[in-house]
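To start, the structure under review is shown below, and the notes come after it.
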Amino acid sequence: MSSEGRAASNDGRPAIDVERASKIYRRYSHRKQFATLKSALLTRSLISNLRPEETFTALSDVTLRVPKGRTLGVIGRNGSGKSTLLKLVAGITKPSTGSVRVDGRVSALIELGAGFHPEISGRENVFINGIMLGLSKREVARRFDEIVEFAELKDFIDAPVKTYSSGMYMRLGFAVAIHVDPDVLLVDEVLAVGDEGFTHKCLDKFADFKRRGKTILLVTHSLGLVERFCDEALWLDAGRIKGSGDPVRIVGAYLTDIEQREEQELAAGDSRARESASLAAVSPDEPASAVLPDNPIESATAPADMFRATEGRWGSREVEITDVTLVGADGQPGHVFQSGERLDVRIHMRAPLPIDDFVVGVGIFNAEGVCCYGTNTGIENLAGERLSGDAAAVFSIDSLDLVEGTYKLDVAVHKQDGYPYDYHRLLHTFRVKSRAKDVGIYRPKHSWHFSGDISFTDPRSPGHD
Numbered sequence: 023m024s025s026e027g028r029a030a031s032n033d034g035r036p037a038i039d040v041e042r043a044s045k046i047y048r049r050y051s052h053r054k055q056f057a058t059l060k061s062a063l064l065t066r067s068l069i070s071n072l073r074p075e076e077t078f079t080a081l082s083d084v085t086l087r088v089p090k091g092r093t094l095g096v097i098g099r100n101g102s103g104k105s106t107l108l109k110l111v112a113g114i115t116k117p118s119t120g121s122v123r124v125d126g127r128v129s130a131l132i133e134l135g136a137g138f139h140p141e142i143s144g145r146e147n148v149f150i151n152g153i154m155l156g157l158s159k160r161e162v163a164r165r166f167d168e169i170v171e172f173a174e175l176k177d178f179i180d181a182p183v184k185t186y187s188s189g190m191y192m193r194l195g196f197a198v199a200i201h202v203d204p205d206v207l208l209v210d211e212v213l214a215v216g217d218e219g220f221t222h223k224c225l226d227k228f229a230d231f232k233r234r235g236k237t238i239l240l241v242t243h244s245l246g247l248v249e250r251f252c253d254e255a256l257w258l259d260a261g262r263i264k265g266s267g268d269p270v271r272i273v274g275a276y277l278t279d280i281e282q283r284e285e286q287e288l289a290a291g292d293s294r295a296r297e298s299a300s301l302a303a304v305s306p307d308e309p310a311s312a313v314l315p316d317n318p319i320e321s322a323t324a325p326a327d328m329f330r331a332t333e334g335r336w337g338s339r340e341v342e343i344t345d346v347t348l349v350g351a352d353g354q355p356g357h358v359f360q361s362g363e364r365l366d367v368r369i370h371m372r373a374p375l376p377i378d379d380f381v382v383g384v385g386i387f388n389a390e391g392v393c394c395y396g397t398n399t400g401i402e403n404l405a406g407e408r409l410s411g412d413a414a415a416v417f418s419i420d421s422l423d424l425v426e427g428t429y430k431l432d433v434a435v436h437k438q439d440g441y442p443y444d445y446h447r448l449l450h451t452f453r454v455k456s457r458a459k460d461v462g463i464y465r466p467k468h469s470w471h472f473s474g475d476i477s478f479t480d481p482r483s484p485g486h487d
């Protein structure tokens, strides 16, 4: 981590100093269990004599320094080591190798309310937890009303904690931790502890911490929050640092990596689905190359209810769809596209003998099976005259105005009366990505205009906390 460019309060020592830290866990096994604590201690290490396959490395050789007054956002996929890093910094667990040093009082918003006793009141739990976090009883008393007000629990503070909802429980834990007034604040994905109003209160509190020169280590899946709130970002992958530095650059690299992995997963899933559908559709005694108009393969019958049909393939194969490729605005084939960009669906076909009655169609379905859009050449008044040998059709969408989500395609060639030559039902998957988190299916081009005494603040604008 860079230590450049911060506050006068920085005395030269980093708030958080992690030096080549690794955390190794033992995999659960019925073999080689220690018979006694004494036998475990006599080995000097609980993991040193284990084979590699008997251990799991949650964090590997991680080095980082967070200067005082800086906010570091930690991002990565589930299982990448983010929470393990936070627990090392919090002192909840110790590194297997390396060192972790923290300068100043630490408050960890990791497992909110983990120390609450369900049988006693919220009031008593506030005092117990405040003292556990380093405050004196007098300090807790002085901050008590502010804690209760922040948690929005004035009417319930004397009730046993076991009567609280999960949201009330978490809000109280958050309020206690945030009012310890730490030098270093550790936050692990806790912004979903209440409704939208409470989330805004939490963000305002974080912003106040930043203004007062506190150090914050934030683990979150909210990439927009990292971009606009953090001074730097750290990207963990499989327990190792994969990137660090400017939040916008690191988030961009992380999103690119996610898209590449999604590409591979979607491509593999589509390949398996098409292979399975082809095996089910083609008669084992008759190769597809022998399919002619007077000798169609086993079944050309579509499901009785097309709106309930699951993925599959059917048709006479008098015309065969040999390949379907999705191509984005960059001209490259893929499965992951940005909302609003161009998409071409390239359909390659083969007709062993000339066909003069044919329609090419495409349908787009969301993950719930709802048809978002469907059309074909017949609907658009294109009358088929001749199809022979190898041919291709390209269905071009100038602007893919769909909300973020996973979608599937129907691609088909059939007669004008619907008799199927080759029907691919939900065999081609693509994913739409968008930084906007709107809902529904269709995302029309739009803008907002206002008049009168009304104003808004764009949280993405520079300088906004």
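Using my numbering, the letters of the sequence shown map in sequence onto residues 23 to 487.
The beta carbon of each residue, even a glycine, is placed where N, CA and C say it ideally should be.
Since the model is a prediction, treat every value here as computed from it, not as a measurement.
Range of the contiguous alpha helix (DSSP H) that encloses residue i
{"i": "Ile-169", "result": "159 to 173"}
{"i": "Ile-150", "result": "144 to 154"}
{"i": "Arg-191", "result": "Inspection of the sequence shows that residue 191 is occupied by Tyr rather than by Arg. That run of the alpha helix (DSSP H) goes 188 to 200."}
{"i": "Lys-90", "result": "Per DSSP, Lys-90 belongs to no alpha helix (DSSP H) and is neither H nor E."}
{"i": "Ser-105", "result": "104 to 112"}
Local conformation of residue i per DSSP, three classes
{"i": "Val-209", "result": "strand"}
{"i": "Glu-340", "result": "coil"}
{"i": "Val-461", "result": "coil"}
{"i": "Leu-422", "result": "coil"}
{"i": "Arg-48", "result": "strand"}
{"i": "Ile-467", "result": "Note on identity: in this sequence residue 467 is Lys, with Ile being the wrong assignment. Of the three classes helix, strand and coil, the one that applies to Lys-467 here is coil, per DSSP."}
{"i": "Ser-293", "result": "helix"}
{"i": "Phe-472", "result": "coil"}
{"i": "Ala-229", "result": "helix"}
{"i": "Phe-380", "result": "coil"}
{"i": "Thr-77", "result": "strand"}
{"i": "Gly-411", "result": "strand"}
{"i": "Tyr-445", "result": "strand"}
{"i": "Ala-389", "result": "coil"}
{"i": "Gly-120", "result": "strand"}
{"i": "Phe-488", "result": "Past the boundaries of the shown model lies residue 488; the chain is included only from 23 to 487, so the question cannot be answered."}
{"i": "Pro-315", "result": "Model confidence at Pro-315 stands at a pLDDT of 40, short of 50, so the residue's coordinates are unreliable and nothing is read from them."}
{"i": "Arg-271", "result": "helix"}
{"i": "Leu-288", "result": "helix"}
{"i": "His-222", "result": "helix"}
Bounding residues of the beta strand (DSSP E) (the contiguous stretch that carries residue i)
{"i": "Thr-242", "result": "It is not in any beta strand (DSSP E) - Thr-242 carries neither H nor E in the DSSP assignment."}
{"i": "Ser-266", "result": "262 to 267"}
{"i": "Trp-257", "result": "254 to 259"}
{"i": "Ala-434", "result": "427 to 436"}
{"i": "Ala-130", "result": "128 to 131"}
{"i": "Asn-398", "result": "393 to 398"}
{"i": "Glu-354", "result": "Just to set this straight, residue 354 is Gln in the shown sequence, not Glu. Looking at the DSSP string, Gln-354 is not in any beta strand (DSSP E), and its letter there is neither H nor E."}
Cutoff 6 Å; reference residue i; Cβ partners in own chain excluding five residues on either side
{"i": "Asp-253", "result": "Arg-92, Thr-93"}
{"i": "Ala-275", "result": "Gly-265"}
{"i": "Tyr-445", "result": "Trp-336, Gly-337, Ala-434"}
{"i": "Ala-312", "result": "Any answer about Ala-312 is weak, because its pLDDT of 35 lies below 50 and its placement is not dependable; what the coordinates show is given next. Cβ within range, chain order: n/a, list empty."}
{"i": "Pro-315", "result": "Low confidence applies here, because Pro-315 scores a pLDDT of 40, under 50, leaving its location unreliable; read the following figure in that light. Cβ within range, chain order: Glu-340, Leu-375."}
{"i": "Ala-29", "result": "Unreliable positioning characterises Ala-29 in this predicted model, as indicated by a pLDDT of 40, which lies under 50. A coordinate reading is not provided."}
{"i": "Thr-399", "result": "Val-381, Val-382"}
{"i": "Ala-373", "result": "Val-341, Leu-409, Ser-410"}
{"i": "Ser-456", "result": "Ser-361, Glu-426"}
Close Cβ partners of residue i (< 7 Å) along its chain, the five nearest in sequence each way excluded
{"i": "Val-162", "result": "Val-148, Phe-149, Gly-152, Ile-153"}
{"i": "Pro-117", "result": "Ala-43, Ser-44, Lys-45, Leu-110"}
{"i": "Asp-345", "result": "His-370"}
{"i": "Asn-317", "result": "Note that Asn-317 has pLDDT 40, beneath the 50 cutoff, so the model's placement of it is unreliable and no number is given."}
Residue closest to residue i, alpha-carbon to alpha-carbon, out of the options
{"i": "Gly-462", "options": "Tyr-429, Asp-475, Trp-470", "result": "Tyr-429"}
{"i": "Ala-197", "options": "Ala-173, Val-209, Asp-203", "result": "Ala-173"}
{"i": "Leu-448", "options": "Cys-393, Glu-41, Leu-81", "result": "Cys-393"}
{"i": "Val-99", "options": "Trp-257, Pro-466, Arg-296, His-370", "result": "A quick correction: the sequence has Arg, not Val, at residue 99. Closest option to Arg-99, Cα to Cα, is Trp-257."}
{"i": "Pro-36", "options": "Lys-236, Val-341, Tyr-395", "result": "Lys-236"}
{"i": "Glu-342", "options": "Pro-442, Thr-119, Leu-365", "result": "Pro-442"}
{"i": "Gly-411", "options": "Arg-339, Glu-363, Asp-423", "result": "Arg-339"}
{"i": "Arg-48", "options": "Ala-351, Phe-472, Thr-77", "result": "Thr-77"}
{"i": "Ile-169", "options": "Gly-144, Val-183, Thr-185, Ala-181", "result": "Gly-144"}
{"i": "Phe-417", "options": "Ser-298, Ser-244, Thr-347, Asp-378", "result": "Thr-347"}
{"i": "Leu-13", "options": "Ile-419, Ile-386, Glu-211", "result": "The shown model of the chain, from 23 to 487, leaves out residue 13, and the question about it has no answer."}
{"i": "Glu-287", "options": "Leu-157, His-357, Arg-87", "result": "His-357"}
{"i": "Tyr-186", "options": "His-139, Gly-385, Ala-130", "result": "His-139"}
{"i": "Leu-277", "options": "Ser-298, Glu-249, Val-349", "result": "Glu-249"}
{"i": "Asp-378", "options": "Leu-404, Pro-355, Phe-359, Gln-282", "result": "Leu-404"}
{"i": "Ile-200", "options": "Phe-228, His-222, Trp-470", "result": "Phe-228"}
Supposed contact pair residue j and residue i - C-beta distance, whole angstroms, cut 8 Å
{"i": "Ala-80", "j": "Gly-261", "result": "6 Å"}
{"i": "Leu-422", "j": "Ser-361", "result": "6 Å"}
{"i": "Leu-155", "j": "Leu-175", "result": "With a Cβ gap of about 18 Å, Leu-155 and Leu-175 do not count as contacting."}
{"i": "Ile-132", "j": "Leu-225", "result": "Not really, about 18 Å apart at Cβ, beyond 8 Å."}
{"i": "Ile-97", "j": "Val-273", "result": "7 Å"}
{"i": "Pro-269", "j": "Gly-103", "result": "Not really, about 19 Å apart at Cβ, beyond 8 Å."}
Neighbourhood of residue i by C-beta, 8 Å cutoff - its chain only, sequence neighbours within 5 removed
{"i": "Gly-291", "result": "Thr-451"}
{"i": "Ser-188", "result": "none"}
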